[in-house]
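A short write-up of the structure that comes next.
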Amino acid sequence: MGRTLYTNIQIFDGSGADLYPGEVLVEGNKITAVNQGTDEKLSTENAFIIDGKGATLMPGMVEAHAHLTWPTNVERTINAMKLPIEEHVLVTAQNARITLDYGFTSAYSAGSVGEKIEPHLRDMINAGHIPGPRLRASALEKGMEDVMGVPEGYDPTHDRSIEGLRQYIRDMKKLGCDTVKIMLSSDEGFQLGGSERLLYTQEEITAIGETAREENIWLACHSQSTESVKMACRAGFRNLFHCIHIDEEGLDLMEARKDDLFMSPAPGLLYARIHEAQDFGIGPKEARKMGAYLGLESNQKNIPKMRKRGIRVLPGGDYGFPYNPIGRNARDLDIFVKMFGFTTHEALVAATKHGGELVDWPVGMIKANMLADILLIDGDPTKDITVLQDLSKILSVMKDGKFHRAPPRRYEVFA
């Protein structure tokens, strides 16, 4: 589509400022002009005009902890994490489309069930062959041989030596991965006391970090234990997940790297295990054993400390379980507000501007020269952030200047 002009809209531009009336012009795949209401009206010549009728226009959101290969989504429950590869690839493509349906136009992978699925998925999306978010692709979650995660992190093709770990990073770069996830700690969901179990030595993680910088590939990590957070900070990891047992030294190290480090706690899974997993055999006792209460209580205590230090904390993560399906991702924003002390504006900034900084693309803000990843919302998410969980309220989703979901025809203006 050549020129698209949004008029009669309330704009949330990603900066955290209040909504303001205005217009937004898209030409090609970029935003080329933003009218802040009092400016002269933008030209309608040769433009496809959308009359927003007072709807909110905002940047597409960023899923900071994506598992697109995890099978369950809001359209289909699959009570398993591994499927025959032919079916798994198709389900992954469905998950990518659903993620985009719900307004997440970019995603940072937190690990896949296969080494090659996500790089190929990313390339198919980029070529326009299938719908999905912009993707920073990853491969298997690299874990220890005796720690069976979800999915299994054991990689039998590389040994555990320093050189084997270095070669793993090199090989993931050759596969086309943008990021590699390392299981630095275990998890209560894997084994009792797992969240405090460290799985690598500093020497091993330093070697991984050095090789990643040589290969120009990012690192992410499952880091629940105290020392795993510190190791990740020292080794140059970009996206840290969970950080349940972080202490003051760990906070100091994160703050020292706040310009190039992000923290994605993934509270949605913890919330689901406590409140929404009973039909899947997970009651309060099981949820506590799996660390759900521990994780949320830690997040409530530590995330405000991180924010005071300027550390960017991002929503999204661990969706794809039968009781925590893909498509429910925007619930994290409500959790950020109700449990972690964010205002609605701050939660929206985390999902847009800060998410754009994580994936390092010109996305996440409504301003000239940014890529045209744009949502039109029936409602005001700064007043009721749960509106983003309602597919019927997401009037349109534009990605790269093209409508993935066009607005209803009543919003179109015909000359």
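Read left to right, the sequence shown gives residues 155 to 569 (my numbering).
Don't be surprised by glycine CBs; every beta carbon is placed ideally from N, CA and C.
Between residue i and residue j, which are expected to be in contact by the criterion C-beta below 8 Å, what is the C-beta distance as a whole number of angstroms?
i, j, result
"Leu222", "Asn249", "5 Å"
"Asn280", "Gly481", "So it is not a contact: roughly 22 Å between Cβ atoms."
"Ser125", "Leu294", "The shown model of the chain, from 155 to 569, leaves out residue 125, and the question about it has no answer."
"Gly474", "Trp224", "2 Å"
"Ala560", "Ser550", "6 Å"
"Ile371", "Ile336", "That pair is no contact at about 12 Å."
"Gln454", "Phe494", "6 Å"
"Cys387", "Arg411", "6 Å"
"Gly390", "Gly347", "Contact doesn't hold; Cβ gap of about 28 Å is too wide."
"Met326", "Ile359", "The Cβ separation is near 16 Å, so there is no contact."
"Ala420", "Phe395", "6 Å"
"Asn456", "Ile531", "Going by Cβ atoms, the distance from Asn456 to Ile531 rounds to 31 Å, so no, they are not a contact pair."
The alpha helix (DSSP H) spanning residue i covers which residue range?
i, result
"Glu430", "Premise fails: Glu430 is in no alpha helix (DSSP H) and is neither H nor E."
"Met408", "Glu402 to Ala410"
"His274", "Ile271 to Asn280"
"Met152", "Given that the chain is displayed from residue 155 to residue 569, the structure contains no residue 152 and the question cannot be resolved."
"Leu502", "Thr498 to Ala505"
Spatial neighbours of residue i within its chain, please: CB distance less than 6 Å, with the 5 preceding and 5 following residues excluded, ordered by chain position.
i, result
"Pro238", "none"
"Gly330", "Pro273"
"Val503", "Gly170"
"Ile284", "Ala247 and Met278"
"Glu511", "none"
"Tyr256", "Gly481"
"Ile528", "Met552"
"Arg276", "Leu289 and Ala291"
"Ile398", "Ser349, Gln378, Gly449 and Ser452"
"Asp488", "Ile539 and Thr540"
Considering only residues of the same chain and omitting the five flanking positions on each side of residue i, which have a CB-CB separation below 8 Å?
i, result
"Thr253", "Glu217, Ala220, Leu222, Ala261, Gly286, Pro287, Ile480, Gly481 and Asn483"
"Asp534", "Gln164, Leu173, Thr210 and Val541"
"Thr333", "Tyr262, Ser263, Arg290, Ala291, Ser292, Ile371, Trp372, Leu373, Ala374, Arg392 and Asn393"
"Ala234", "Pro225"
"Asp433", "Tyr477"
Starting from residue i, follow the beta strand (DSSP E) in both directions and report where the run begins and ends.
i, result
"Gly176", "Tyr174 to Glu181"
"Trp527", "Note that residue 527 corresponds to Asp in the displayed sequence, not to Trp. Element bounds for Asp527: n/a, residue is neither H nor E."
"Val517", "Careful: Val517 lies outside any beta strand (DSSP E) and carries neither H nor E."
"Thr259", "Phe258 to Ser263"
"Gln190", "Where Gln190 is concerned, there is no enclosing beta strand (DSSP E), given that its DSSP letter is neither H nor E."
"Tyr160", "Arg157 to Ile165"
"Lys556", "Lys556 to Arg559"
"Ile548", "Ile548 to Lys553"
"Leu289", "Arg288 to Arg290"
Suppose the cutoff is 7 Å on Cβ atoms and the five residues either side in sequence are ignored; what does the same chain contact list for residue i look like?
i, result
"Asn162", "Asp205, Gly206, Lys207 and Gly208"
"Ala187", "Leu179, Leu196 and Ala522"
"Pro562", "Leu549"
"Ile271", "Thr223, Val243 and Thr246"
"Phe490", "Pro469, Phe496, Ala501 and Ala504"
"Ala201", "Arg157, Thr158 and Leu159"
"Arg564", "none"
"Asn478", "Gly422, Leu423, Ala426 and Asp472"
"Lys507", "Gly168, Ser169, Gly518 and Met519"
"Glu430", "Tyr477"
"Trp515", "Ser260, Arg288 and Leu525"
"Glu369", "Ile323, Arg324 and Lys327"
"Arg485", "Gly422 and Gln543"
The ligand NAP heavy atoms versus the CB of residue i: any closer than 7 Å?
i, result
"Arg367", "In the structure on display, the ligand NAP does not appear, and there are no ligands present to speak of."
4-residue-minimum alpha helix (DSSP H) runs that sit fully inside the segment 439-490, ordered along the chain = Runs of the alpha helix (DSSP H) lying entirely within the segment 439-490 and spanning at least 4 residues, in chain order: 446-462.
Any contact of the segment 425-432 with the segment 393-407, i.e. 3+ C-beta pairs under 8 Å?
-> The segment 425-432 makes no contact with the segment 393-407, as fewer than three CB pairs between them are under 8 Å.
So, do the segment 545-556 and the segment 168-184 have three or more beta carbon pairs nearer to each other than 8 Å?
-> With a cut-off of 8 Å, the segment 168-184 and the segment 545-556 count as touching, because enough Cβ pairs lie within range.
Determine, using beta-carbon pairs with one atom in the segment 192-206 and one in the segment 438-452, whether at least three such pairs fall under 8 Å.
-> Here the segment 192-206 makes no contact with the segment 438-452; the two share fewer than three CB pairs at distances below 8 Å.
Could I get the ranges of all uninterrupted beta strand (DSSP E) runs contained in the segment 337-423, with 3 residues as the minimum, in chain order?
-> Along the segment 337-423, the beta strand (DSSP E) occurs as fully enclosed runs of 3 or more residues at 372-377, 393-396 and 416-418, listed in sequence order.
Pair every Cβ in the segment 202-217 with every Cβ in the segment 450-466, then say whether three or more of these pairs are closer than 8 Å.
-> No, the segment 202-217 does not touch the segment 450-466.
Counting Cβ pairs, one atom from each stretch, are 3 or more of them under 8 Å apart for the segment 509-523 and the segment 168-178?
-> The segment 509-523 is in contact with the segment 168-178.
Counting pairs of Cβ atoms below 8 Å between the segment 375-382 and the segment 331-345, do you hit three or more?
-> The segment 375-382 vs the segment 331-345: in contact.
Uninterrupted beta strand (DSSP E) stretches inside the segment 199-253 (no shorter than 3 residues) = Runs of the beta strand (DSSP E) inside the segment 199-253: 202-205, 210-213 and 215-220.
Mind the definition here: the segment 312-326 touches the segment 522-539 only if three or more C-beta pairs lie below 8 Å; say whether that holds.
-> Three or more Cβ pairs closer than 8 Å define a contact, and the segment 312-326 falls short of that threshold against the segment 522-539.
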